[in-house]
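Chains as they are written, first to last, in my numbering: chain A, 1 to 140; chain B, 1 to 140.
Positions of the beta carbon are idealized from the N, C-alpha and C atoms, including for glycine.
Working notes, beginning with the structure itself.
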DNA sequence: CATAATGATACCATTTTAGTGTCATTATGT
DNA sequence: ACATAATGACACTAAAATGGTATCATTATG
């Protein structure tokens with residue numbers, strides 16, 4: 001079972017790298033090489049982050065990507081929702097079957113709570129925290 | 001994103017039904033009809049639950065399935081792991097990439113914690129609790 | 001021995017995820 | 001002007017996971 005797909009994973013790591021290279025323009029080509037990711041795939045991902053306003057792109061020679069917002073404001077939850085759709089763990093379960101008229105289904109309630117908790121936790125993980133902690137570890 | 005797949009969902013609901021029909025032998029055919037599930041699919045699911053020791057089957061005319069263990073001992077976590085494999089949310093993330101030598105990767109730590117929490121919650125949800133609460137609701 | 005049930009298992013269909021390829025657009029430097 | 005090096009848009013393919021079907025074997029009952 002996957003909470004985080006490869007696309008989201010790539011996005012997180014790519015953003016980590018971009019965040020570290022403060023203001024420097026990053027190209028897909030260079031990033032794909034240093035992170036060992038398929039170039040076309042990474043490109044599609046960065047394009048998506050661009051249209052979502054998280055990255056800012058510049059075209060043409062010397063172009064590439066830079067962060068468009070503060071890395072402290074980019075949460076893993078946000079990235080998950082961009083690449084995996086709205087965060088819904090229990091969507092299809094019990095839909096109109098066993099408890100069609102019962103609003104307060106025990107199982108659904110439990111799942112809803114889990115969903116809420118996970119969402120909260122994912123929202124607390126930001127690109128800034130990830131890169132910062134990585135640095136701390138490296139310096140040891 | 002799915003925490004619970006259809007198979008697991010079906011299994012939970014089927015077990016709920018079987019748990020309610022104390023000791024009565026339940027056939028795939030009857031259950032599939034009353035729960036409106038594809039018969040062959042449900043059959044495969046019950047067979048699996050049988051080999052896992054959760055149900056007990058009897059073959060031949062008049063045969064079918066009954067619970068093999070106390071419904072209070074059947075957790076949703078257990079069912080998820082039977083039908084969806086071991087519960088691992090963060091398995092592939094960061095594998096040998098950004099933090100290959102760093103044992104204490106912040107992101108991985110966060111995901112591990114979430115995983116632990118979710119597992120704990122899923123373990124607390126049992127078939128007994130689900131059927132019991134459903135009954136309470138119905139009586140209102 | 002017909003019937004009605006599960007056991008085992010191979011197979012197919014659908015959906016999701018991963019990844020590629022191509023042509024268009026745009027900015028830069030010479 | 002033009003070669004070049006970058007992204008934009010998007011169609012397409014490949015692989016994996018999930019959902020579902022079908023068939024033949026086995027077994028118990030009456």
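Short Cβ contact (7 Å threshold) for residue 75 of chain B with residue 121 of chain B: For this step, residue 75 of chain B is matched to residue 75 along the second chain. For this step, residue 121 of chain B is matched to residue 121 along the second chain. Against a cut-off of 7 Å, the Cβ pair of residue 121 of chain B and residue 75 of chain B comes out as no contact.
Minimum Cβ-Cβ distance from residue 48 of chain B to chain A less than 7 Å: Residue numbering aside, residue 48 of chain B sits at position 48 when the second chain is read from its first letter. By this cut-off, residue 48 of chain B is not an interface position.
Distance CB(residue 16 of chain A)-CB(residue 130 of chain A) smaller than 7 Å: Working through the first chain from its first residue, we reach residue 16 of chain A at position 16. Working through the first chain from its first residue, we reach residue 130 of chain A at position 130. Their beta carbons are under 7 Å apart, which means residue 16 of chain A touches residue 130 of chain A by this criterion.
Validate contact between the segment 22-37 of chain B and the segment 76-89 of chain B using beta carbons, cut 8 Å, 3 pairs: no
Selection from A:127, A:42, A:57 that minimises the alpha carbon distance to residue 73 of chain A: Within the first chain, the letter at position 73 stands for residue 73 of chain A. Checking every option, the nearest Cα to that of residue 73 of chain A belongs to A:127.
Sufficient close CB pairs (3 or more, under 8 Å) joining the segment 34-44 of chain A to the segment 113-120 of chain A: no
Backbone CA spacing between residue 108 of chain B and residue 24 of chain A [nearest angstrom]: Taking the first residue of the second chain as 1, we reach residue 108 of chain B at position 108. Taking the first residue of the first chain as 1, we reach residue 24 of chain A at position 24. Cα-Cα distance, rounded: 27 Å.
From A:6, A:55, A:27, residue whose alpha carbon lies closest to that of residue 62 of chain A: Locating residue 62 of chain A in the first chain gives position 62, counting from the first residue. Taking only the C-alpha atoms, the option nearest residue 62 of chain A is A:27.
Three-state secondary structure (DSSP) of residue 65 of chain A: Taking the first chain and counting its residues from 1, one reaches residue 65 of chain A at position 65. Here residue 65 of chain A sits in strand by DSSP.
Chain-ordered neighbours of residue 118 of chain A on chain B, where CB pairs are closer than 7 Å: Within the first chain, numbered from 1, the residue matching residue 118 of chain A stands at position 118. Within chain B, the residues near residue 118 of chain A are 114, 118.
Start-to-end residues for the beta strand (DSSP E) that takes in residue 56 of chain A: By one-based count along the first chain, residue 56 of chain A stands at place 56. Residue 56 of chain A -> beta strand (DSSP E) spans 55-58.
Proximal chain B residues relative to residue 125 of chain A, where beta-carbon distance stays under 7 Å: Within the first chain, the letter at position 125 stands for residue 125 of chain A. Chain B residues near residue 125 of chain A: 107, 110.
Chain-ordered neighbours of residue 130 of chain A on chain B, where CB pairs are closer than 7 Å: Here residue 130 of chain A refers to the residue found at position 130 when the first chain is read from its first residue. Those are 106, 107, listed as they occur along chain B.
The alpha helix (DSSP H) enclosing residue 50 of chain B, as first and last residue numbers: As a first step, residue 50 of chain B is located in the second chain; it is residue number 50 there, counting from the start. 39-51 is the extent of the alpha helix (DSSP H) around residue 50 of chain B.
Cutoff 7 Å: residue 89 of chain A Cβ touching any chain B Cβ: Here residue 89 of chain A is taken as the residue at index 89 of the first chain, counted from 1. Closer than 7 Å: yes.
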